[in-house]
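Numbering (this note's numbering), first residue to last: 19 to 334.
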């Protein structure tokens with residue numbers, strides 16, 4: 019395929035180098051992150067743009083897509099796609115794809131890692147050992163995880179993988195989901211009731227308007243002063259101001275957070291707290307998984323432009 023006949027793809031997010039290489043080797047690419055275009059330059063190429071390469075945090079709204087009359091597909095590098103206006107895309111017959119499944123195991127691992135880290139105070143204990151404070155006396159007692167009560171909000175692929183891992187810790191598992199699942203865990207009708215009944219509340223529900231601020235002050239109050247919040251979903255599912263207030267006041271015991279409302283900006287009040295473990299949206303960030311995600315994001319574009327069905331369209 020000559021460069022003049024290759025599909026034109028617009029890159030609108032920070033993507034891993036492996037994916038960028040695949041895109042640049044196979045398509046004519048314009049990278050708005052590395053090489054921002056003027057409005058005039060963008061308007062000049064707009065009629066030729068057939069694909070958009072995005073990530074889970076990118077904003078690809080109705081008005082933005084409307085600028086590209088030949089747009090056929092939006093390929094998202096990530097399982098989440100709440101920044102893409104899927105209904106607007108479907109009105110025009112534009113495919114929207116994402117990269118599920120390949121990151122399930124890593125995200126589930128990270129949920130358990132955050133749970134252990136915040137409950138056992140691993141980060142603070144590391145500093146305690148390194149600084150020589152240990153010589154002055156023992157480290158304070160921490161919270162036991164094995165046998166504790168776990169609540170999972172969102173029992174999809176990743177939620178079930180988290181539950182499988184938690185079962186190995188002999189945890190008592192309950193969940194809240196849009197519908198009951200055929201699983202050996204206790205179903206709870208609403209998130210407030212679930213929070214009231216557990217020691218650890220893990221968020222792994224999709225983002226978007228329907229789940230915005232799902233964890234609010236009422237949920238945190240129900241979780242209580244011995245409860246921990248773990249979020250490996252989207253920052254938008256937690257009311258961050260309410261969470262900070264709850265952590266500061268001891269309304270809950272602590273939190274393990276991989277996602278935030280305004281990434282990569284973390285509120286100074288949150289970063290200053292000792293009863294949180296914060297990671298930079300890295301739950302799927304292993305070399306093996308990110309490589310597989312990159313290849314799947316590329317494969318969706320390649321399949322479409324070859325006249326084949328996309329591999330992983332977003333669900334209806």
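Glycine included, every Cβ here is placed at the ideal spot set by N, Cα and C. This structure is a prediction, so every number in the text was calculated from the model and none was measured.
Who pairs with residue i in a beta bridge, going by DSSP?
| i | result |
| --- | --- |
| residue 69 | 27 and 91 |
| residue 194 | 171 |
| residue 187 | Partner(s): none; residue 187 has no beta bridge. |
| residue 331 | 115 |
| residue 296 | 275 |
| residue 283 | 280 |
| residue 78 | 102 |
| residue 48 | 28 |
| residue 304 | In DSSP, residue 304 forms no bridge with anything. |
| residue 204 | 192 |
Does any CB atom of chain B fall closer than 8 Å to the CB of residue i?
| i | result |
| --- | --- |
| residue 166 | No chain B appears in the structure shown, which is made up of a single protein chain. |
Excluding the 5 residues flanking residue i on each side, which residues of the same chain have their C-beta closer than 6 Å to its C-beta?
| i | result |
| --- | --- |
| residue 264 | 238 and 270 |
| residue 221 | 171, 249, 251 and 255 |
Give the C-beta separation of residue i and residue j to the nearest angstrom, bearing in mind that I take them to be a contact with Cβ-Cβ under 8 Å.
| i | j | result |
| --- | --- | --- |
| residue 24 | residue 46 | 5 Å |
| residue 318 | residue 115 | 4 Å |
| residue 295 | residue 132 | 6 Å |
| residue 70 | residue 51 | About 12 Å separates the two Cβ atoms, so there is no contact after all. |
| residue 332 | residue 99 | 5 Å |
| residue 74 | residue 94 | 6 Å |
Might you give, ordered along the chain, the residues of its own chain that have their beta carbon closer than 7 Å to the beta carbon of residue i, omitting 5 neighbours on each side?
| i | result |
| --- | --- |
| residue 240 | 210, 213 and 214 |
| residue 150 | none |
| residue 142 | 292 |
| residue 127 | none |
Who are the Cβ neighbours of residue i in its own chain at under 8 Å, not counting the five residues just before and after it?
| i | result |
| --- | --- |
| residue 36 | 308, 309, 312 and 313 |
| residue 85 | 60, 61 and 64 |
| residue 40 | 312, 313 and 316 |
| residue 110 | 83 and 89 |
| residue 207 | 194 |
Kindly provide the ranges of any alpha helix (DSSP H) runs that are 4 or more residues long and lie completely inside the region 85 to 161, ordered along the chain. 104 to 109, 122 to 137 and 140 to 149
Taking 8 Å as the cut-off, does the region 241 to 248 touch the region 267 to 277 (at least 3 CB pairs, one atom from each stretch)? yes
Would you check if the region 147 to 165 and the region 92 to 108 touch, i.e. whether three or more CB-CB distances between them fall below 8 Å? no
Along the chain, which unbroken stretches of the alpha helix (DSSP H) at least 4 residues long are found entirely within the region 206 to 265? 209 to 215 and 235 to 241
Count Cβ pairs between the region 304 to 315 and the region 132 to 150 that sit closer than 8 Å; are there 3 or more? no
Within 8 Å, do at least three Cβ pairs link the region 86 to 97 to the region 280 to 289? no
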